[in-house]
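Here the structure is laid out as structure tokens; the discussion comes afterwards.
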Amino acid sequence: MDEPTTEVQMEIWQQEAETVLKERLKRAGAELGALTVSLMWNTRTDLDLYVKEPGGTTICFNNKRSANGGELDVDMNNGNKTNVPVENIYWHPQDLARVPPHGEYEVWVNNYDGNHQEDFVVRIKQKGQSKMIKGTVPGKPANSVHHTFRHPPQNPATTRLSTCQESINGIIENNLDDMDIVGLLSFAGDVRPEIPLAVRNVERMKEDVGRMYTRGKTAFFSAVAEACTHVKEFQPTSDDIAARWLIVLTDGKDTDSADSDAGKAEACFQRENVNLALITLGDDYEKDIVQRWKAVIHRRNDQGFIHVKVDPNNMLAIKRAFENVFEQITAASIAGGGA
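In terms of the working numbering, the sequence shown opens at residue 2 and continues consecutively.
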């Protein structure tokens, strides 16, 4: 899930730069982490992004990884040239010992081979905050002004991720019975089991939800197909057609699923009594596939497909979408005779 910027009103140039940057990062296969710093400029000059951690380690083109999990994963215009370059440094925690260090960071840009001044934009993205910085760097060899920031941010704003976490925890705590079976997968370019499918354990599940973090890319079809394989193994204790639900939220076109995964999900919906509640943020998703899934589910259960479309930058609307979906699932379960 690619988070929006904070709820503070952005200037027009920031909105435009954010849109262009996200598209370039997506094309380059850049990752998102608990902390991500990205650079964008518009010439074939080789600019280099530098980020210095609180402990003194600097991540850049000739030191691409730090012991804390920081990594330069996109480095452009150092060989093959493009007029739409980006660079990207992210901290992708593999375990609790490899998270972005807390404290003050420095970020700057170096002009490696350009004879003239270059304009650039840097985005500093962390949980609850996204900051856009416009700057210039003189002709080679020169550095830009150093910018400092703190991680974690002192006053994090509400984001898509924090809104989803709050909504999921609300469902776990307030809307499920003690014997309900529940699990959670997250997906970006990969699919990860966050909560194994099991009888509800409120405190443990809330802890697991709280550890989720933003990642890049989208393997939407893979996630639905994998979730189907888990849910279909759960056999309802009655003939209730509304007992098994997938609640899925996605915010963009699929970028990383295997070609066969959309069909695998469709086959699961066709053969098993698995229902789908889909929340789509924005209008950038594969409508033809979603319509196929809807048709397959409706042929066996006209209450087994729910689709809520939401403004991706409206946090309150996202929260209400979860509430709306759960109300409809409850109504479908009652109509089908189940809990």
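Quick reminder that beta carbons are idealized off the backbone N, C-alpha and C, glycines included.
- Taking 3 residues as the shortest admissible run, the segment 176-215 contains the following complete beta strand (DSSP E) segments, listed from N- to C-terminal end: 182-188 and 192-200.
- Distances from the CA of L250 to each of D262, A220 and Q271 were compared; the closest alpha carbon is that of A220.
- Around G253, the same chain offers T219 and D285 as residues with beta carbons nearer than 6 angstroms, after the five sequence neighbours per side are excluded.
- Of the candidates G140, P139 and L247, the residue whose Cα lies closest to the Cα of L185 is L247.
- In the three-state reduction of the DSSP assignment, Q292 falls in the helix class.
- Residue pairing for V123: DSSP places it in a beta bridge opposite L40 and I134.
- For K132, the CB contacts under 6 angstroms within the same chain, skipping 5 residues up- and downstream, are I125 in chain order.
- Beta-bridge annotation (DSSP): C61 is paired with N64.
- With at least 16 other beta carbons inside 10 angstroms of its own, I298 counts as buried.
- The continuous alpha helix (DSSP H) containing V225 extends over residues F221 to V232.
- Proximity to T149 across V38, W42 and R216 peaks at V38, based on C-alpha coordinates.
- In this structure, P102 sits away from K128, with a CB-CB distance that is not shorter than 8 angstroms.
- Counted as a single uninterrupted DSSP element, the alpha helix (DSSP H) harbouring V21 occupies residues I13 to A29.
- Within a 10 Å sphere around the beta-carbon of K23 sit 16 or more other beta-carbons, which makes this residue buried.
- L247 sits in a strand when the DSSP states are folded into three classes.
- About 5 angstroms separates the beta carbon of E227 from that of V192, a gap short enough to meet the 8 angstroms contact definition.
- For D74, the enclosing beta strand (DSSP E) begins and ends at G71 to V75.
- In this model, E54 and G71 are separated by some 9 angstroms (Cα to Cα).
- With a cutoff of 8 angstroms on beta-carbon distance, T46 and E119 are scored as near each other.
- Note that the C-beta distance between S187 and S223 is not below 8 angstroms.
- Each residue's CA atom was taken as its position, placing E287 and T164 some 24 angstroms apart.
- Counting of Cβ neighbours within 10 angstroms places I13 among the exposed residues, the total staying below 16.
- Shown here, N89 sits in a strand according to DSSP, grouped into three states.
- Taking a cut-off of 8 angstroms for Cβ pairs, the segment 274-284 and the segment 326-333 touch, as three or more such pairs fall below it.
- Take the alpha-carbon of N69 and the one of A29: they are about 23 angstroms apart.
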